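Peer 1:
Number of protein chains: 2
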Amino acid sequence: MPDLDQTLLALADPARRGVIDLLREKPRRASEIAHALRMSRPAMSRHLRVLRQTGLVVQDGIDADARVRMYRLRGEPIEHLRGWLEEVEGFWTAQLASFKTRVEGSNPKPNREARAVAASRAPKSTRPASRLQKP
Amino acid sequence: MPDLDQTLLALADPARRGVIDLLREKPRRASEIAHALRMSRPAMSRHLRVLRQTGLVVQDGIDADARVRMYRLRGEPIEHLRGWLEEVEGFWTAQLASFKTRVEGSNPKPNREARAVAASRAPKSTRPASRLQKP
DNA sequence: ACAATAGTTAACCTTATCGTTCATCATTAT
DNA sequence: ATAATGATGAACGATAAGGTTAACTATTGT
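Residue numbers (our numbering), protein chains in the order written: chain X, 83 to 217; chain Y, 83 to 217.
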């Protein structure tokens, strides 16, 4: 069972995403990845450990030489994350629904998405209108 | 243009995902969110700043009281991230293709996914077979 | 004018992260 | 046996994240 926190933390590092991009093409050895990303092997080893612990990567396939660890990508955590993202992406329709039930009793004809934006009505105050947004 | 690094880093915090989950339903005020997630307002303010900077959230809609900042969700960074994820998810077919072109000249009948796994052949060594995996 | 409210910023502390170098373990080659 | 290789582990330093309290700005109410 993939953990969103772990998965996101693992992916929130360019080096580890680099690993993922490399493994996307084909399984590779640890040192090969370290070299490709210009990083010491210990550093890469730790990145790989993180990726392993989150299940984004597995090691297997002893390459005829038991010294080398072949790493390959594993899809499950990524699919799980995508599932969560799609769920979140439903926010727009969710807000539409919420808006609907909040405004009307059960009126069957409220389907313009512009309606949701209309929720930001102008302040009734006639004052200087405050700046909000100082870059 | 949403930045993957920023987006992932922003999402890789349970508090900020909590904010997202709250805003999924409807726009809310900063203090409301802070209270819902049992966190001091300054802490939440910084989380909101992070979310703002990554474009995951925008503030608008002065709620008749110019003191309150209404926060609402913004879909673009999430969609961008989902796009990347789907791209990564293509790794399996990519590896199939790579395997195909590596093994055969152009033989038109190589469509068992088990083939890709078959790449992990047994070591020719007859030794104790090394442990690999010490939990 | 004064106090109260919503929100942010600043200063501080604690903890975690990332990379490096050095040491260690396991496996293969001479 | 000894050396060389692939990978990991441990200790160190630098940097950034996340929380708290206190101070500050802006707006509203009395």
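Virtual Cβ for every residue (Gly too), placed ideally from N, Cα, C.
Quick caveat: nothing in here was measured; it's all calculated off a predicted structure.
Between X/M121 and X/A97, how many whole angstroms is the CB-CB distance? I'm expecting something under 8 Å.
Peer 2: As a working note, residue 121 of chain X is residue 39 in the first sequence. As a working note, residue 97 of chain X is residue 15 in the first sequence. Right, the Cβ-Cβ distance comes to about 7 Å (below 8 Å), so this counts as a contact.
Peer 1: Which ranges does the alpha helix (DSSP H) cover as unbroken runs of at least 4 residues, wholly within the stretch 113-176 of chain Y, from first to last along the chain?
Peer 2: For the stretch 113-176 of chain Y, whole alpha helix (DSSP H) runs of length 4 or above, ordered along the chain, are 123-135 and 158-171.
Peer 1: Going along the stretch 91-117 of chain X in order, which residues come within less than 9 Å of chain Y, judged by CB to CB distance?
Peer 2: L91, A92, L93, A94, D95, P96, R99, I102, D103, L105, R106, E107, K108 and P109
Peer 1: I'd like to know whether the C-beta of X/E171 is nearer than 7 Å to at least one C-beta of chain Y.
Peer 2: As a first step, residue 171 of chain X must be located in the first sequence, where it is residue number 89. Closer than 7 Å to some Cβ of chain Y, the Cβ of X/E171 qualifies, so yes.
Peer 1: Of the choices Y/V140, Y/S113, Y/T136 and Y/W174, whose alpha-carbon is the least far from that of Y/S127?
Peer 2: On the second sequence, position 45 is the one that residue 127 of chain Y refers to. Residue Y/S113 is the option with its Cα nearest to Y/S127.
Peer 1: Just grab the DSSP bridge partners of X/R110 for me.
Peer 2: Against the first sequence, residue 110 of chain X aligns to sequence position 28. DSSP, once it has assigned bridges, lists X/Y153 as partnering X/R110.
Peer 1: Alpha carbon to alpha carbon, what distance is there between Y/D147 and Y/E168?
Peer 2: Position 86 of the second sequence holds residue 168 of chain Y. Position 65 of the second sequence holds residue 147 of chain Y. Taking the straight line from one Cα to the other gives about 42 Å.
Peer 1: Taking the straight line between their C-alpha atoms, what separation do you get for X/T136 and X/L104?
Peer 2: Here residue 136 of chain X corresponds to residue number 54 of the first sequence, with the count starting at 1. Here residue 104 of chain X corresponds to residue number 22 of the first sequence, with the count starting at 1. Each residue's Cα considered, the two are about 17 Å apart.
Peer 1: Contact defined as beta carbons within less than 8 Å: I believe Y/R164 pairs with X/E171. What is the distance between those atoms, to the nearest angstrom?
Peer 2: The residue given as residue 164 of chain Y occupies position 82 in the second sequence. The residue given as residue 171 of chain X occupies position 89 in the first sequence. Indeed, because the Cβ distance is near 7 Å, the residues count as touching under 8 Å.
Peer 1: Suppose you measure from the CA of X/L138 to the CA of X/G157; what does that come to, to the nearest Å?
Peer 2: Within the first sequence, residue 138 of chain X is the residue found at index 56, counting from 1. Within the first sequence, residue 157 of chain X is the residue found at index 75, counting from 1. Cα-Cα distance, rounded: 7 Å.
Peer 1: Can you name the start and end residues of the alpha helix (DSSP H) that X/A94 belongs to?
Peer 2: The sequence position of residue 94 of chain X within the first sequence is 12, counting from 1. Neither: X/A94 is in no alpha helix (DSSP H) and is coded neither H nor E.
Peer 1: Is X/D103 helix, strand or coil by DSSP?
Peer 2: For the purposes of this step, residue 103 of chain X is taken as residue 21 along the first sequence, with counting starting at 1. Looking at X/D103 - three-state DSSP - the assignment turns out to be helix.
Peer 1: Helix, strand or coil: how does DSSP classify Y/D87 here?
Peer 2: Taking the first residue of the second sequence as 1, we reach residue 87 of chain Y at position 5. DSSP places Y/D87 in helix when its eight states are reduced to three.
Peer 1: Exposed or buried, X/P124, counting other C-beta atoms within 10 Å across all chains shown (16 or more means buried)?
Peer 2: Within the first sequence, residue 124 of chain X is the residue found at index 42, counting from 1. Answer is exposed; the Cβ neighbour count stays below 16.
Peer 1: What's the C-alpha gap between Y/H162 and X/I160?
Peer 2: The count along the second sequence starts at 1 and reaches residue 162 of chain Y at position 80. The count along the first sequence starts at 1 and reaches residue 160 of chain X at position 78. About 15 Å.
Peer 1: Please tell me whether Y/L90 and X/L130 are closer than 7 Å, where the distance is taken between their beta carbons.
Peer 2: For the purposes of this step, residue 90 of chain Y is identified with residue 8 of the second sequence, where counting begins at 1. For the purposes of this step, residue 130 of chain X is identified with residue 48 of the first sequence, where counting begins at 1. X/L130 is positioned such that its CB atom lies no closer than 7 Å to that of Y/L90.
Peer 1: Since I believe Y/M152 is in contact with Y/G99 (beta carbons under 8 Å), could you give me their beta-carbon distance rounded to a whole number of angstroms?
Peer 2: One-based indexing of the second sequence puts residue 99 of chain Y at position 17. One-based indexing of the second sequence puts residue 152 of chain Y at position 70. Contrary to the premise, residue 99 of chain Y reads as Arg rather than Gly in this sequence. Not quite, the Cβ-Cβ distance comes to about 20 Å (not below 8 Å), so this is no contact.
Peer 1: Candidates Y/K108, Y/V101 and Y/Q141: which alpha carbon is nearest Y/A222's?
Peer 2: Because chain Y in this structure spans residues 83 to 217, residue 222 of chain Y falls outside the shown range and cannot be described.
Peer 1: Between the C-alpha atoms of Y/L86 and X/V150, what's the straight-line distance to the nearest angstrom?
Peer 2: Within the second sequence, numbered from 1, the residue matching residue 86 of chain Y stands at position 4. Within the first sequence, numbered from 1, the residue matching residue 150 of chain X stands at position 68. Taking the straight line from one Cα to the other gives about 31 Å.
Peer 1: Is the CB of X/L155 under 7 Å away from at least one CB in chain Y?
Peer 2: Reading the first sequence from its first residue, position 73 is the one you call residue 155 of chain X. For X/L155, a Cβ of chain Y is located within less than 7 Å of the residue's own Cβ.
Peer 1: So, at 7 Å on beta carbons, what are the nonlocal neighbours of Y/P109 in its own chain, with the 5 sequence-adjacent residues on each side left out?
Peer 2: For the purposes of this step, residue 109 of chain Y is taken as the residue at position 27 of the second sequence. Same-chain partners within the cutoff: G143, M152, Y153 and R154.
Peer 1: Name the chain X residues whose beta carbon is nearer than 7 Å to that of Y/R178?
Peer 2: Counted from its first residue, the second sequence places residue 178 of chain Y at position 96. Here residue 178 of chain Y is Leu; the residue named in the question, Arg, does not match the sequence. Going along chain X, no residue has its Cβ under 7 Å from Y/L178, so there is no contact; the nearest lies around 10 Å.
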